[in-house]
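In the numbering used here, the protein residues as written are 2 to 443. Worksheet: one structure, shown below.
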């Protein structure tokens, strides 16, 4: 895929990927004031699953979704797209095809949220009032925070699995690799799917071995973090893999500049302020810095860091009781993943249904999240854990081991579960199955 500068400019501030939805639903760009019992901001995984659940709870005519994007993407599969194991097309569907039938689809961007007046204003001037608000605006990508980006994506040796505009460039850079350094980065910010930056490293290693190029490759993972992975049980396995496959990990290294014309990447040493190091590369995979939705940040719904300020147990806002949130835009102290969204959706649905009956929420979100750590073209380490960083595994086996079964789950089962389960509001995570597999024990 050859990127034009016009498309690259769109990467300067990559807004959370939207999902669009509308078969039998209605859409709107009118400037007239509208009112809904349940207003959902964002048509990503969190917004769509909650709109489907709210449709069943209060009726389709009482639910509206604000989402500008015409396409919806299953982003977790982009790791495999970047390694040539899946196609970009397989990750995409129209928003119209995933939107719950009958709900109102407002095809605009959210411009402003006023929780004191229970109103939302969109970029086309529409003012929408609500009784209840569900915020699912995702996380903001900031390629432009790295000097030389996004312009550097015009060069053929750079890719990023975090954008539909650049994920296929990763695969082309990998295919065209000849010899030298293959560098993979992790930024000094919160990110979604924190395992993805190193998954593509393992897949690249496997590809280069398969094509006979590994002997001429030096594979480096430069991460801002002080650890390889945040949960020790899985980190121990990953360190073993890194050592066995001769992969170089440089902790506390943060990418600050890309000099594409020279094929150089500049990193700062976070443990030694002011010290930088230049790495030459034959291939560079960039994980962009990320931050809170600009609509939330600085507003009355945000915490000090700019995230949607939620009660971590109920997903209800800490100051506005008729406001709720889900997914990457929230302050919830757990890893930002699609698996977390699924588990959160079940809890949030329960919270709202109880409040509609003037009852207290009786279910608590335990922080469940999951990261299928792809370590080759046929193995995965399936990390699952909770708020406390303790493993919360679904299967009665040691999931810290590389397994073929888990790769099959990642590549084939999870996408099906996403399209036909989560987006229809029918999948709330593996909790019930975990109890079954563990004979009723947590």
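The beta-carbon is built from N, C-alpha and C at its ideal position, and this holds for glycine as well.
Just how far apart, CA to CA, sit residue 32 and residue 297? For the purposes of this step, residue 32 is taken as residue 31 along the chain shown, with counting starting at 1. For the purposes of this step, residue 297 is taken as residue 296 along the chain shown, with counting starting at 1. The pLDDT assigned to residue 32 is 45, lower than 50, so where the model puts this residue is not dependable, and the model offers no usable value.
inquiry  = Since residue 232 and residue 386 should fall inside the 8 Å C-beta cutoff, what is the C-beta to C-beta distance between them, to a whole number of angstroms?
reply    = Sequence index remark: in the chain shown, residue 232 carries index 231 (1-based). Sequence index remark: in the chain shown, residue 386 carries index 385 (1-based). Yes, they are in contact, since the Cβ atoms of residue 232 and residue 386 sit about 5 Å apart, within 8 Å.
### Task
Just grab the DSSP bridge partners of residue 218 for me.
Against the chain shown, residue 218 aligns to sequence position 217. Answer is 181.
Point to revise | Top-ranked residue by Cα proximity to residue 53, from 328, 175, 350, 326 | key: As a working mapping, residue 53 is identified with position 52 in the chain shown. Comparing Cα positions, the closest option is 350.
Spatial neighbours of residue 357 within its chain, please: C-beta separation below 8 Å, excluding the five flanking residues on both sides. Residue numbering aside, residue 357 sits at position 356 when the chain shown is read from its first letter. Excluding sequence neighbours, residue 357 sits near 58, 59.
Euclidean distance between Cα positions of residue 35 and residue 204
On the chain shown, position 34 is the one that residue 35 refers to. On the chain shown, position 203 is the one that residue 204 refers to. The alpha-carbon atoms of residue 35 and residue 204 are separated by roughly 49 Å.
message: Output needed for residue 168: all residues of its chain with C-beta closer than 8 Å, excluding positions within five of it in sequence on either side, in chain order.
response: Locating residue 168 in the chain shown gives position 167, where the first residue counts as 1. Same-chain partners within the cutoff: 79, 82, 83, 89, 160, 161, 162.
- request: Would you kindly work out how many angstroms separate the C-alpha atoms of residue 352 and residue 119, rounded to a whole number?
  value: Residue mapping note: residue 352 aligns to position 351 of the chain shown, counting from 1. Residue mapping note: residue 119 aligns to position 118 of the chain shown, counting from 1. Taking the straight line from one Cα to the other gives about 19 Å.
*Leaving aside the five residues before and after residue 394 along the sequence, list all residues of the same chain whose C-beta is less than 7 Å from its C-beta, in chain order.*
To locate residue 394, count along the chain shown from 1; it is residue 393. Counting only Cβ-Cβ distances below 7 Å, and skipping sequence neighbours, we find 385, 400.
Practice task
Can you give me the start and stop residues for the beta strand (DSSP E) that residue 365 sits inside?
Solution key: For the purposes of this step, residue 365 is taken as residue 364 along the chain shown, with counting starting at 1. Element bounds for residue 365: n/a, residue is neither H nor E.
Give me the DSSP bridge partner(s) of residue 324. Residue numbering aside, residue 324 sits at position 323 when the chain shown is read from its first letter. DSSP output for residue 324 lists 134 as bridge partner(s).
Count Cβ pairs between the segment 292 to 311 and the segment 96 to 108 that sit closer than 8 Å; are there 3 or more?
no
| field | One or two residues paired with residue 371 in a DSSP bridge | value | Sequence index remark: in the chain shown, residue 371 carries index 370 (1-based). Residue 371 is bridged to 385.
What are the partner residues of residue 193, as DSSP defines its beta bridges? Your numbering for residue 193 matches position 192 in the chain shown. Paired residue(s): 337.
For residue 199, does the count of other Cβ atoms within 10 angstroms reach 16, so buried, or fall short, so exposed? Residue numbering aside, residue 199 sits at position 198 when the chain shown is read from its first letter. By the 10 Å Cβ count, residue 199 comes out buried.
Relative to the ligand SAM, is the shortest distance from any of its heavy atoms to the C-beta of residue 294 smaller than 7 Å? Only the bare structure without any ligand can be found here, which leaves the ligand SAM out of the picture.
Practice problem: Please say whether residue 225 and residue 178 have beta carbons closer to each other than 8 Å? | Solution: In the chain shown, the residue the question calls residue 178 occupies position 177. In the chain shown, the residue the question calls residue 225 occupies position 224. Not a contact, by the Cβ cut-off of 8 Å.
Open item on the list: If distances are taken between C-alpha atoms only, which option among 392, 130, 85 comes closest to residue 445?
Closed with: The chain is shown only over 2 to 443; residue 445 falls outside these bounds and no answer can be derived.
**Close Cβ partners of residue 215 (< 8 Å) along its chain, the five nearest in sequence each way excluded** = Along the chain shown, one-based indexing puts residue 215 at 214. Correct list, in chain order: 206, 209.
Count the CB pairs spanning the segment 320 to 340 and the segment 41 to 50 that are closer than 8 Å, and state whether there are at least three.
yes
Could you pull the DSSP bridge partners for residue 113 from this structure?
As a working mapping, residue 113 is identified with position 112 in the chain shown. BP columns for residue 113 point to 122.
(request) Could I get the ranges of all uninterrupted beta strand (DSSP E) runs contained in the segment 36 to 86, with 3 residues as the minimum, in chain order? (result) 64 to 67, 72 to 74
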